Every structure is written in C-alpha cells, then in structure tokens.
Amino acid sequence: MSDLALKRPADATPWSKKSSRNVRLIVAASLFPLVISLAIGQILSIPAALTLIGIFLPIQIVASIAAARFSGLRNSAPDAVLIVVTYFLVTLFAILLGSLLTTLIVKGTESIKLNTLYQNNHYVSLSTPLTYGGVGHAIVGTFIIVALSALIAIPLGFAVAIYLTETRGRFRFVVRTIVQSLSGLPSIVAGLFIFAIIILPGYMPQVGFTGALALALLMLPTVARTAEEVLKLVPADLRSASVALGASRKAAFFQVIAPTAKSGLVTALLLGIARVIGETAPLLLTTIPSQETNLNPFSGPMSTMPTYVYAYVTDPHDALQHRAWSGSFIMLVVVALVFALARIVSTKRTRTKK
Amino acid sequence: MSVEIRRNFSQGTKQRLGDRLFFGTASAAALFAFGLVALILIFLGYRAWPTFSQQGFSFITGSTWEDTTNTFQIFPMLVGSIYLGLIGLLIAVPCSIFMAYYIEFVAPARISKVVRFLVDFLAAIPSIIIGFWGLVVFTPQGISWAELINKYFSFLPIFKNDNQNFGGSPFIGGWILGVMMIPIITSVSREVMSRVDPELVNAGRALGGGSFSILRRVILPVSKGGVLGGVLLGLGRGLGETIAILYTVNLIFVTNLTRPLESRGGSIASWIAASFGEATSAVIGALMAAGVVLFAITLIINILSSLIVERSVRKMAS
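Here's what the structure looks like:
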C-alpha cells in the first residue's frame with residue numbers, strides 16, 4: 004500500500020519527455036535555416052561568422068516562432084525563441100573556445116620539437132632552426148618561482164581559512180570580504196606593489212624571488228577561499244566529538260579535521276598554482292627575462308614561461324613567433340595538467356564521502 | 009542556550025598553550041591578509057604621492073602625459089579601461105546568462121557537466137594565451153566584422169571610422185575581454201541559479217508557464233542579485249586585464265569614447281605595462297599613481313560584488 008502511494012507516475016513530468024521524432028524534428032528545423040543562410044552567405048560573400056549572426060539567427064528565430072504557431076501551442080513562441088537563442092549563444096562559446104584550443108594545438112604541435120622541452124635559448128638567433136633551443140630554462144624558472152610563491156602563499160592561505168572556519172573571531176566577515184576582493188586584485192598592481200616595496204628601495208634587484216612574492220600575492224586569496232569552502236564542508240559533529248573526547252582544538256584540527264578535508268586542501272593548493280602559472284604582467288615588472296638557465300632565485304635574471312612567450316609574441320620574425328607558439332602550448336598543457344589534477348583530487352573526495 | 013554553556017566552559021578552563029599558538033597564528037594570518045590591502049594602498053600611495061600632489065585632481069580629469077614637462081594625467085586610459093570593460097560586458101553578459109541557464113536547466117546532466125568543466129577550464133587559461141590567440145586569430149575576424157558594420161551602419165556616428173583602419177580597435181579588445189569575462193560571470197550565475205528552489209520552478213510549470221516565462225518570472229528574479237554580483241566580478245577582471253589588451257588594442261594615449269571601431273584606445277593596466285620598461289623615476293611615480301587609481305576602482309567593484317552575492321545567497325537560503 005505504502006509502496007503504491009510512494010510510486011511516482013511515469014508521466015508526472017510530461018514536459019521533460021522527448022521522443023525521437025521530436026529530436027529529429029528539432030535537428031531538421033535547425034539544419035534547414037543553417038543551409039539556407041550559408042548559401043546566402045556564399046552568394047553574397049559575407050564572412051561565415053557574420054552569416055551566422057546576421058542571417059542564420061534571424062531565420063532560425065522566425066522559423067522557430069512559425070513552428071511554435073503551427074504546432075498549435077499558442078503561447079510557446081517565446082519558449083521557442085529562448086531555446087534558439089540559448090543554443091546559439093552556447094554554440095558561440097563553443098566556437099570561441101574551440102578556435103582558441105585548436106589554434107594552440109595546431110600551431111603548438113607544428114613548432115614543438117623534443118629539444119624545445121629541455122634546451123634553453125642561449126645561442127638562439129633569428130636564423131636558428133627550431134630543432135635547436137627551447138623553453139627549458141623558462142620551465143625551470145616557472146617551476147622555481149611558482150614553488151617559492153606556493154611556499155609563501157599556501158601556509159598563509161590555509162591559516163586564513165582556519166581563522167575563517169575554526170575560530171569565532173569577530174572580524175570574520177570583514178576578513179572574508181577583504182580576501183574575496185583581494186582575489187580581484189589586478190595582477191599588474193601586485194607587480195607594482197612588490198616593485199614599490201622591495202625593488203625601488205633597493206632591498207633586492209629584479210630576481211626570481213621578487214617574482215615569487217608578486218605571484219604569492221595573487222595565489223593567497225584563491226587558496227584561502229577554496230580552503231575555507233573545503234573546511235566548511237567538514238561536519239561540525241566531528242569537531243565537537245573530538246573536542247568532547249578531550250582533544251585540544253589544535254589536535255582536533257590536525258588529527259581530525261585536516262585529514263578529513265585533505266583532498267580538498269590539496270585541490271585548494273592546485274587551484275592556487277593553476278591561477279598563477281600563466282600570470283605575465285606582475286613578472287614583467289618584478290623579474291628580468293633571460294636566455295639562460297638560472298637555478299638561483301635570489302640573483303640574476305630568470306625567465307618564466309609567460310615572460311618567454313611575451314618576449315616573442317610581438318616579434319615580427321616567423322621563427323620567434325613559432326617559439327612563442329610552442330611556449331604557449333607547453334604552458335597550456337601545464338595549466339591543463341594542474342587543473343585536471345585538481346579536478347581528479349576533488350572528485351575523489353566527493354566519491355569517498357558518499 | 010548553547011552559547012551560554014560554551015562561555016562557561018571556556019571561562020572555567022585555561023586555554024592550552026598549543027591552542028593559543030594555533031589560533032594566534034591563524035588570527036595573525038587573517039590580520040595580515042586584512043592589512044595587505046591597506047599595505048598595498050599605503051606603499052603605492054607613498055610612491056605615487058609626488059604625482060598626486062603635483063597634479064592634484066587633474067591627475068584623474070586631465071589628458072596630457074608628457075615626461076618632458078612632468079605632466080601626468082590618466083583620464084584617457086581611465087575611461088578607456090571602463091569603456092573596454094563595458095564593451096566586454098555587452099558581449100559577455102548575454103552569453104553568460106544563457107550559458108548558465110543552459111547548464112542548469114536545459115542541458116542533460118552529462119553534457120552540463122562537460123560544459124561546466126569547459127567553462128572552468130577557460131577561466132584557467134592564462135590571459136597571455138588568450139591575448140596571443142586574439143592577436144593572431146581573432147583580430148582578422150574582428151576586422152572583417154568591423155568593416156561590414158562600418159559599411160552598412162556608418163550613418164550612425166558611433167560606427168564611423170575616418171582612416172578605415174580597423175585593427176587594434178576597442179571593439180576587438182572588448183571582444184577579447186568578453187571571452188575572458190564569460191567564464192567568471194557564467195560560473196557565478198550558474199552557482200546562484202543552481203540554488204533556485206526546484207519547487208518554485210515546478211510550481212511555475214504546473215501553473216502552465218513555458219520555459220521563457222519561468223526564466224523571466226521565476227529564475228531571473230530570484231537569482232538577480234547573484235547574477236549582478238557576477239557581472240561586477242567580471243567587470244573587475246576586465247579592468248585589471250593587461251596583456252591581452254596590450255596585444256589586441258592599438259595603445260594610443262587619446263580619449264576614444266565615440267568611435268569603438270577606430271584603431272586607438274587603451275586601458276590603465278596595459279598603459280602601465282607598456283610604459284614601465286623605459287620609465288624614468290618620475291614616470292614610475294606616475295604609473296604607481298595610475299596603479300592606485302586602478303586598484304581603488306577594482307577594490308570598490310569587488311567588495312560591492314561580493315556583498316551583493318553574499319546577500320542574495322543568504323536571501324535565497326532563507
């Protein structure tokens with residue numbers, strides 16, 4: 004009896020039903036205007052992108068309104084237009100992102116060679132073939148600078164997150180708002196700030212470490228906010244239970260709460276790193292690019308992947324443009340790897356929780 | 009009740025040393041993060057003071073930038089930043105709202121997951137890469153669009169272009185900013201839309217509402233605040249963007265508000281990056297002053313946006 008009462012009828016949500024005939028109708032209805040508008044565009048020789056916006060979209064909207072009218076649903080014309088516009092804008096996004104990614108992959112793989120990964124550009128001139136020289140020194144530089152900035156920003160960020168979640172401090176709301184707004188700190192201002200407090204007074208020249216400080220400034224809010232979100236997810240009961248068992252709040256945090264949120268904290272770390280790998284503007288002000296490998300972040304110029312790319316993008320010479328493309332491609336791959344790792348770690352967390 | 013018990017408890021026992029150290033560190037870090045904003049403003053302001061005191065209010069309102077006469081006024085780049093940001097919003101806002109709507113309400117679960125991943129990934133792509141793509145791939149496209157707009161709509165003064173040079177215009181820079189704003193605005197809007205009570209949506213459907221009327225009368229009114237916060241956040245991101253603007257906009261120190269298709273424009277951030285290389289100490293002071301102005305604007309926008317989002321989420325929860 005109770006089973007019967009709980010069972011939801013199959014047609015309880017008639018609006019969500021899509022028959023295959025409907026799907027076929029929709030596909031046909033959108034392909035037809037597409038073909039027409041592309042034909043018109045070809046005849047009038049209008050660029051494809053503009054054809055899509057200027058001809059296809061209006062035809063599609065008119066067609067959908069007509070379809071809605073003919074199908075006998077009198078008030079469904081706005082719905083039809085909504086669906087058309089939604090799909091159109093999503094497709095626009097897909098085209099932009101797709102163009103970005105395919106350009107990078109095509110141009111990047113074209114100009115990348117094995118030596119690009121580990122050689123530096125010490126003896127590279129305009130006429131040097133792509134089989135010589137590479138991003139090696141910049142990869143090393145990025146690794147050192149990002150690692151240093153992580154060393155600074157991650158303990159700080161975690162401590163801020165602990166303040167926001169574990170204490171009953173009076174200023175939590177203010178601190179949270181400030182940290183949140185710090186995440187919108189323009190990256191060039193971070194560079195200016197480090198330049199103003201360290202390089203201008205002469206405490207340090209433009210070395211790797213100053214770059215790391217500027218990046219730490221940008222990494223801090225990302226780490227703090229993500230870690231706060233993660234620590235908030237730890238059930239309050241765990242906290243109370245461990246304190247009730249006589250643990251100090253510190254022990255409760257390090258032995259119960261932190262292990263529970265471990266993968267989430269790792270995600271926070273990785274997202275912070277992904278945030279700063281490609282930052283160019285602050286490094287332009289706080290480091291000096293070089294063509295050689297430099298392992299010492301406290302002296303001498305040090306190249307990073309973004310400044311490596313920056314140096315070559317605006318260069319009119321083809322060979323150097325190729326080096327910029329391979330540099331961008333490697334940078335994108337590194338960012339994608341860190342990003343994917345963060346995703347994998349965080350989905351593992353949600354899976355084990357269930 | 010529970011609050012009182014707690015108070016008695018902590019008064020009765022002496023806090024352990026480890027705990028005090030632990031909380032002390034956390035509070036110190038929070039204080040540091042809090043002080044960071046003040047620190048940035050103070051130190052940049054200190055370096056910028058000569059410029060501010062010399063130029064006075066005309067630093068913001070004037071439009072001369074000459075290091076021979078020591079006159080530094082940022083107005084053209086200031087309005088350029090805002091102008092580029094607004095063009096970016098014009099492109100990003102509709103796209104983002106419909107993307108968020110698509111992810112939350114239209115797409116099947118699996119596709120919605122993929123789109124969400126792609127949006128987040130676009131947010132993670134370094135801006136220099138987007139700028140490079142914008143320079144090499146998008147600019148030719150943008151030029152052909154601008155030419156067509158100019159050809160058919162040049163009777164409107166805003167689409168006029170006197171020298172017929174369409175590269176490096178605010179129109180193209182705005183598109184690039186739009187691409188960078190889309191993931192930010194989309195993810196905030198999506199987050200807020202996902203908190204719309206499904207009962208409300210179903211009630212709307214049960215009353216016979218179509219998708220459009222539900223979007224207009226249920227989803228948008230409820231998530232309005234959050235979407236606005238996301239838009240402001242995207243604007244803040246756009247104002248701070250440096251490299252992509254440097255690559256895609258023809259950086260000229262003039263005020264260009266009326267001709268978005270003409271090849272001149274710029275923003276504070278890109279102006280700082282472009283002028284920093286061969287700057288004398290007076291110019292560096294002026295650039296610091298420009299940085300203070302930029303930081304103040306983005307700070308206000310960001311605080312505003314986080315307050316708006318916070319409030320709207322709290323309102324939806326209750």
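Which chain is which? The protein sequence lines are A and B, in order.
The first sequence begins at 4 in the numbering used here and counts up by one.
The second sequence begins at 9 in the numbering used here and counts up by one.
Glycine included, C-beta positions come from ideal geometry on N, C-alpha and C.
Predicted, not measured: the structure shown is a model, and the values here were computed from it.
DSSP state of residue i mapped onto helix, strand, coil
| i | result |
| --- | --- |
| A/L203 | coil |
| B/F261 | coil |
| A/G136 | coil |
| B/G273 | strand |
| B/E207 | helix |
| B/V101 | helix |
| A/L248 | coil |
| B/I280 | helix |
| A/L107 | helix |
| B/M201 | helix |
| A/V30 | helix |
| A/E295 | coil |
| A/T168 | helix |
| A/K116 | coil |
| B/I316 | helix |
| A/F301 | coil |
| A/P61 | helix |
| A/L129 | coil |
| A/N123 | coil |
| A/M4 | A caution first: A/M4 carries a pLDDT of 43, below 50, which makes its placement in the model unreliable, though a value can still be read off. The answer is coil: DSSP assigns A/M4 none of H, G, I, E or B. |
| A/F91 | helix |
Minimum Cβ-Cβ distance from residue i to chain B less than 7 Å
| i | result |
| --- | --- |
| A/Y315 | no |
| A/R171 | no |
| A/F73 | no |
| A/F196 | yes |
| A/D240 | no |
| A/I98 | no |
| A/F342 | yes |
| A/V237 | no |
| A/V87 | no |
| A/A69 | no |
| A/K253 | yes |
| A/A247 | no |
| A/K357 | Because A/K357 sits at a pLDDT of 41, beneath the cut-off of 50, its placement in the model cannot be relied upon, and the point is left open. |
Any C-beta of chain A under 7 Å from that of residue i
| i | result |
| --- | --- |
| B/N258 | no |
| B/G20 | For B/G20, the predicted model reports a pLDDT of 40, less than 50, meaning its position is unreliable and no value from the coordinates is stated. |
| B/S35 | yes |
| B/I90 | no |
| B/E12 | Below a pLDDT of 50, predicted positions are generally treated as unreliable, and B/E12, at 48, falls in that range; no measurement from the model is reported. |
| B/V45 | yes |
| B/D205 | no |
| B/A100 | no |
| B/W57 | no |
| B/P229 | no |
| B/S71 | no |
| B/L281 | The sequence shown places Ala at residue 281 of chain B, not Leu. Cβ-Cβ to chain A under 7 Å: yes for B/A281. |
| B/G242 | no |
| B/I50 | no |
Residue closest to residue i, alpha-carbon to alpha-carbon, out of the options
| i | options | result |
| --- | --- | --- |
| B/I98 | B/Q149, B/G246, B/N258, B/M324 | One point to set straight first is that residue 98 of chain B is Leu, not Ile, in the sequence displayed. Minimum Cα distance to B/L98 is reached at B/G246. |
| B/L164 | B/V200, B/S289, B/R124, B/P268 | B/P268 |
| A/V237 | A/L60, A/G137, A/S266 | A/S266 |
| A/I276 | B/L94, B/P134, B/V127 | B/P134 |
| B/V45 | A/L185, A/T168, A/V138 | A/L185 |
| A/W328 | A/S40, A/A32, A/P61, A/L107 | A/L107 |
| A/A323 | A/I333, A/L103, A/V312 | Residue identity differs from the one stated: residue 323 of chain A is Leu in this sequence, not Ala. Out of A/I333, A/L103, A/V312, A/V312 has the C-alpha closest to the C-alpha of A/L323. |
| B/L130 | B/L240, B/W279, B/I184 | B/I184 |
| A/G111 | A/L335, A/L340, A/A261 | A/L335 |
| A/A150 | A/G303, A/P319, A/R278 | A/R278 |
| A/L82 | B/S275, B/R213, B/V317 | Correcting the residue identity first, residue 82 of chain A is Asp in this sequence and not Leu. Out of B/S275, B/R213, B/V317, B/R213 has the C-alpha closest to the C-alpha of A/D82. |
| A/L104 | B/F161, B/F60, B/W141 | B/W141 |
| B/R224 | B/T77, B/V239, B/G238, B/L208 | B/L208 |
| B/G238 | B/I105, B/I138, B/F30, B/G32 | B/I105 |
| B/V257 | B/N78, B/M85, B/T59 | B/M85 |
| B/M107 | A/V338, A/G44, A/L92 | A/L92 |
| B/V300 | A/I46, A/F212, A/I64, A/L188 | A/L188 |
According to DSSP, residues forming a beta bridge with residue i
| i | result |
| --- | --- |
| B/E74 | B/T79 |
- Report the residue ranges of all beta strand (DSSP E) runs contained in full by the stretch 106 to 194 of chain B; include only those spanning at least 3 residues, in chain order. Listed in chain order, nothing qualifies, since the stretch 106 to 194 of chain B has no complete beta strand (DSSP E) run of 3 or more residues.
- Query: Which residue spans inside the stretch 184 to 238 of chain A form an unbroken alpha helix (DSSP H) run of at least 4?
  - Reply: Within the stretch 184 to 238 of chain A, the complete alpha helix (DSSP H) segments of 4 residues or longer fall at 190 to 197, 211 to 236, listed in chain order.
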